[in-house]
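Once you know that position 389 of the sequence shown is 384 in this note's numbering, the rest is easy, because the numbers rise by one and skip nothing.
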Amino acid sequence: LDYYLDLARNLVDMGVHSLAIKDMAGLLTPRSTSLLVSALREEHPDVPIHVHTHDTAGSGVASMIAAAQAGADIVDAAIDAMSGLTSQPSLGAIVANMRGTELDTGIDLAELGLLNSYWESVRQTYAPFESGQLSGSSDVYLHEIPGGQYTNLLFQSKQLGLTERWPEIKKKYAEANIVLGDIPKVTPSSKVVGDLAQFMVAQDLSAIDVSEQADTLAFPQSVVQYLRGEIGIPPGGFPEPLRTKVLESRGLEPVEGRPGASLKAYNFEDAEEQLKSTYGDRAISPKETLSHALYPDVFIDWKNFQSVYGEVGVLPTHIFLNPMKEGDEIELSLDSGREFLIKCISLGQVREDGTRVVAFEVNGERWFMPVTDNSSQTEGSVREKATGPGSVGSPMPGVIVGMKVKVGDQVKEGETVATLSAMKMESNIPATASGEVTRVLVNIGDKVEGDDLILQIE
C-alpha cells in the first residue's frame, strides 16, 4: 500500500488530472480494492480516481462495487455480451446492484438490454476468433497473466503445438516474471514475460537453467531487447547476472537512460518517397508512412497480402471469415454504382500443386479462378533433427525469417546464424560451436518444428 500511495503522491505533485488504477490481470479483490481506493481518496479528495480491472477470476463486479463505495469516481465495465472472463466485469450487473442506492447509475436496464442484444449478434459474427476459454480462472492470483494477454497466449500456445502444456505455460509465466525481475506486466513488458514463458516450456527449461545457460540460449528477441533496456528500466532494476550474460555473449551494449531520449530522428518525408516508389503514389498516405515506421515487417506483410487479394475491407465480415460454399450468393458493393452479384458455382478437386479451380458467376458471367487451398494436407518429407556437436536446431516450431550465413562461412559460437518467427515472437538462433558452416538445410520462409536441423557446423 505504501508503494502505491507514494507513487500517487509523485504523480499528483507532477500535476496529473486524475489517478488511474490499472489492474491488468484482475488481481484486485473487494477487500484490497476498498483498502487502496479509500487510502487514495483520503489523501487526494479532489483528484478523480478511475479503476480498471479484468474479470478473469470472476470477482470483478464485486471489486468494482467496492471501488465505488470506497470513493472511486469511475469504474470500467463491458456490455454484458462482451463481459466476463478476461474482459471487464458486466456493466448490467453493476447497474443492477447499484439500483436504489446512493450510487445508483441512472442507467435504464431495459435500454441496456437493447444494446446488449446487438452486441450478442456481433459476437456471433466474430465467433471464429473466440479463444476457447469457457470459464473463469482463479489461478490468475498465482500466475498474474494480464486479461488482455491471457487469451492471446492461449492461442499462441496452440499454434506452437503446446496446447497440452497450457497449465505449465501459466506456471512458467510466473517463473519468467521473477527471472526478469518481477516487473509490471503491461504491453510491451507483458509480451516479454509471455515469450520467455513459452520459450521455457518449449525448451524444458527451469528458472535456474535460464540463468546458468543465458549466454548460449536462443532467447526470443523481445527478451534480449528488454534486457538491453529498449523498453525502459524496470522499477526494481534489471536482473543480474542474467542481463550481463545475455548482453556480453551477444556483444551488445545496454541502453542508458530513457530509450526515447537517444532515439535517432526519423525522416518521414524520405520514408514516404521510398514507399511511394515501391507501392505507388495512391497507395501511400501519411497513415501508411507512420504504420511502416512503427511496424515495418507487419506493414510489408500487409502490402504483400493486399497485392494478392486486393482491398478485402469491402467484403462482408461473414464472407471474409467463412468461405462461400457451392450455391452461395452474395451482393457486393465496391464503389458508388459498382454492384456485383456473385455466386459460387463449383469447387474443383485439389491438384498436385495444392491449388483448385473455383467457378463463380459474377453478374451472370462465368469466371474460373485457380486458388491455393491451404486446408489441403499434403505429405511432406520429415526434416532431419539436430543431434550432436555443431548441429544448430530450431528452438521451437515457427518460420525461418532470416538467414545470416551460407555454406563455407566461418562462425563463432553464440553468433546469430538465423532468425525464427513464431506467433509474433522472433528468436535469434545462435551457432552452437565455432567452425565452418558445411550444410544449410532451410530457406527463408520455410516452416520448421522444434529441433529441426537448421545448419551444420564443423
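All C-beta atoms in this analysis are idealised placements derived from N, C-alpha and C, irrespective of residue type, glycine included. Note that the structure is a prediction, hence the values are computed from the model and not measured.
Going by DSSP, residue 421 is part of the beta strand (DSSP E) stretching over 420 to 425. Looking from the CA of residue 14, the closest CA among 32, 415 and 214 belongs to 32. Of the residues 398, 215, 53 and 115, the one whose Cα lies closest to the Cα of residue 420 is 215.
For residue 69, same chain residues with a beta-carbon under 6 angstroms away, outside a window of 5 residues either side, are 45 in chain order.
A straight line joining the alpha-carbon of residue 150 with that of residue 126 spans about 6 angstroms.
The secondary-structure analysis by DSSP pairs residue 330 across a beta bridge with 333. Residue environment analysis places residue 451 among the buried positions, since at least 16 neighbouring C-beta atoms fall within 10 angstroms of its C-beta. Taking 8 angstroms as the cut-off, the beta carbon of residue 396 is found no closer than this to the beta carbon of residue 424. By the CB criterion at 8 angstroms, residue 142 and residue 168 fall outside the cutoff.
Annotation for residue 315: the continuous alpha helix (DSSP H) segment containing it runs 312 to 316.
DSSP places residue 398 in the uninterrupted beta strand (DSSP E) bounded by 393 to 398. In this structure, DSSP gives residue 238 a helical state, which the three-state scheme calls helix. Assignment of residue 229 by DSSP, reduced to helix, strand and coil, places it in the coil class. Each of 319, 344 and 350 was checked against the Cα of residue 337, and the nearest Cα belongs to 319.
Look at residue 15 here: in three-state DSSP terms it is strand.
Going by DSSP, residue 291 is part of the alpha helix (DSSP H) stretching over 291 to 304. Counting only the Cα atoms, residue 184 lies some 15 angstroms from residue 18. Residue 8 carries a helical assignment under DSSP once its states are collapsed to helix, strand and coil. Annotation for residue 63: the continuous alpha helix (DSSP H) segment containing it runs 55 to 65. Boundaries for residue 154: no beta strand (DSSP E) harbours it, while the alpha helix (DSSP H) harbouring it runs 142 to 154, taken from the DSSP string. In its chain, beyond the 5 residues on either side, 342, 364 and 366 have a beta carbon closer than 6 angstroms to the beta carbon of residue 353.
The closest CA to that of residue 259, considering only 234, 146, 413 and 288, is found on 288. Under DSSP, residue 447 shares a beta bridge with 380.
Contact between the segment 251 to 270 and the segment 194 to 214 is absent: fewer than three C-beta pairs spanning the two stretches fall below 8 angstroms.
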